[in-house]
Ligand SMILES: [Zn+2]
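In our numbering, the protein residues as written are 6 to 148.
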């Protein structure tokens, strides 16, 4: 597969034909070589030589924060997810990393603003609860 084909395949696998905003050809994600596509709603990762499951989807609302590490030539962007896991995208060009993290920061801020107004969804029973709730008033589980 050449790059155009990979991009097309990634585009096709997105729900409702979400538009790819950024496409990064060759980076390291958690130490593995990967191709990354970023949309308003998802980060889609295709690990090289990882045939069984071709794409890994990360919904944007799963990202809570972003931090940078800069070296002489490259940047690393750390994406902190809601479960506390950190997704590291390494070997990004410096300007590329700034553009991408700016874009994702905007999305995180939008999602946070929306959550403050709308409340959050309980992951167990899918009911809407207040953003500050630590126990779901519907199913009584810790959230
Ligand atoms: Zn619940």
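All C-beta atoms in this analysis are idealised placements derived from N, C-alpha and C, irrespective of residue type, glycine included.
Residues near residue 63 by beta carbon distance below 6 angstroms, same chain, minus five either side:
Sequence index remark: in the chain shown, residue 63 carries index 58 (1-based). Cβ within range, chain order: 48.
Roughly how many angstroms separate the alpha carbons of residue 15 and residue 103, rounded to a whole number?
Looking up residue 15 in the chain shown gives position 10. Looking up residue 103 in the chain shown gives position 98. Using only the alpha carbons, I get a separation of about 23 angstroms.
To the nearest angstrom, how far is it from the Cα of residue 39 to the Cα of residue 45?
Along the chain shown, one-based indexing puts residue 39 at 34. Along the chain shown, one-based indexing puts residue 45 at 40. About 20 angstroms.
Counterpart residues of residue 52 in DSSP-defined beta bridges:
Translated into the one-based positions of the chain shown, residue 52 becomes position 47. Bridge partners of residue 52: 39.
Other residues of its chain near residue 27: CB distance less than 6 angstroms, five sequence neighbours each side excluded
Residue numbering aside, residue 27 sits at position 22 when the chain shown is read from its first letter. If we look at residue 27 and ignore the five residues flanking it on each side, its Cβ neighbours are 43 and 105.
State the Cα-Cα distance for the pair residue 30 and residue 143, rounded to the nearest angstrom.
Taking the first residue of the chain shown as position 1, residue 30 is located at position 25. Taking the first residue of the chain shown as position 1, residue 143 is located at position 138. Rounded to the nearest angstrom, the two C-alpha atoms are 45 angstroms apart.
Hey, how far is the Cα of residue 117 from the Cα of residue 8?
Here residue 117 refers to the residue found at position 112 when the chain shown is read from its first residue. Here residue 8 refers to the residue found at position 3 when the chain shown is read from its first residue. Approximately 34 angstroms between the Cα atoms of the pair.
Residue 145 bridges to which residues according to DSSP?
Indexing the chain shown from 1 puts residue 145 at position 140. Answer is none; residue 145 lacks a bridge partner.
Quick check on the burial criterion: 16 or more other C-beta atoms within 10 angstroms. Buried or exposed for residue 130?
Numbered from its first residue, the chain shown carries residue 130 at position 125. When all chains shown are included, residue 130 counts as exposed.
For residue 125, which three-state DSSP category applies?
Locating residue 125 in the chain shown gives position 120, where the first residue counts as 1. Strand, per DSSP.
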